[in-house]
Amino acid sequence: MNSYTRKKVINGREYFYEMTPYWDKEKKKIRYHSRYLGVQKENGIEKIRTHLPRNVFVYGPFVPVLRIMRELGIENILDSFFNKEDRNVILVLAAARAIRSIPMDLVHTWYEGTHLVKEYPCDVSSQRISRLLDHIGNS
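For what it's worth, my numbering labels the leading residue of the sequence shown as 84, then goes sequentially.
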């Protein structure tokens, strides 16, 4: 089954969707997945909802935490046991716990809006955190 483009007119504006048919085993008939493509413009179809990159980062609460980490040499200590990526994840988790006590699965969302993104670039997805904590626990 081939995909096709469908045009919907809502309040006088043309919206385009890619329609992909599939067989629904429960209802025993053809159903469709739709994917939004955009609106008709002069130069073709353009998405109207694009996410702008986040340009404002929270910095203030991290000044004391970063200073303490540097004065105690925590970065150097962690460098002797972990690679740079793991070290950065551990430092981000420590800062997250010190500043805001948030669940591990929400650290990624919180981290993206902080200055730590530039200071300690790393992947802090919940899966990555779980693997790192498992590795630390088993070693």
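In this text, a Cβ means the ideal position worked out from N, Cα and C, and glycines have one as well.
Q.
For Lys112, list the residues DSSP reports as bridge partners.
A. Paired residue(s): Asp107.
(Q) Checking the sheet assignment: what are the DSSP bridge partners for Glu97? (A) DSSP output for Glu97 lists Val92 as bridge partner(s).
Q. Quick one: what's Thr192 bridged to in DSSP?
A. BP columns for Thr192 are empty, so no partner.
**Q.** Pairwise C-alpha distance: Val122 and Met152
**A.** So the alpha carbons of these two residues sit roughly 50 Å apart.
Q) What are the boundary residues of the beta strand (DSSP E) that Glu129 is part of? A) Its beta strand (DSSP E) spans residues Gly127 to Glu129.
Q) Quick check: the stretch 142 to 149 against the stretch 108 to 119, are there 3 or more CB pairs under 8 Å? A) Three or more beta-carbon pairs separated by less than 8 Å are not found between the stretch 142 to 149 and the stretch 108 to 119, which leaves the two stretches without contact.
(Q) Going by DSSP, what residue range makes up the alpha helix (DSSP H) through Arg183? (A) It is not in any alpha helix (DSSP H) - Arg183 carries neither H nor E in the DSSP assignment.
Q: Just confirm the distance between the C-beta atoms of Glu158 and Arg170, as a whole number of angstroms; I'd bet it's less than 8 Å.
A: 7 Å between Cβ atoms; contact.
Q: With DSSP as the reference, label Gly220 as helix, strand or coil.
A: In the displayed model, Gly220 falls within a helix according to three-state DSSP.
Q) Where does Ile212 land, buried or exposed, given buried means 16+ other C-beta within 10 angstroms? A) By the C-beta density criterion, Ile212 is buried, having at least 16 other C-beta atoms within 10 angstroms.
Q: Can you grab the Cα-Cα spacing for the pair Asp206 / Lys112, in whole Å?
A: If you take the alpha carbons of Asp206 and Lys112, they lie about 42 Å apart.
Q) Looking at Val190 and Ala177, is the spacing between their C-beta atoms short of 9 Å? A) Their beta carbons are not under 9 Å apart, which means Ala177 does not touch Val190 by this criterion.
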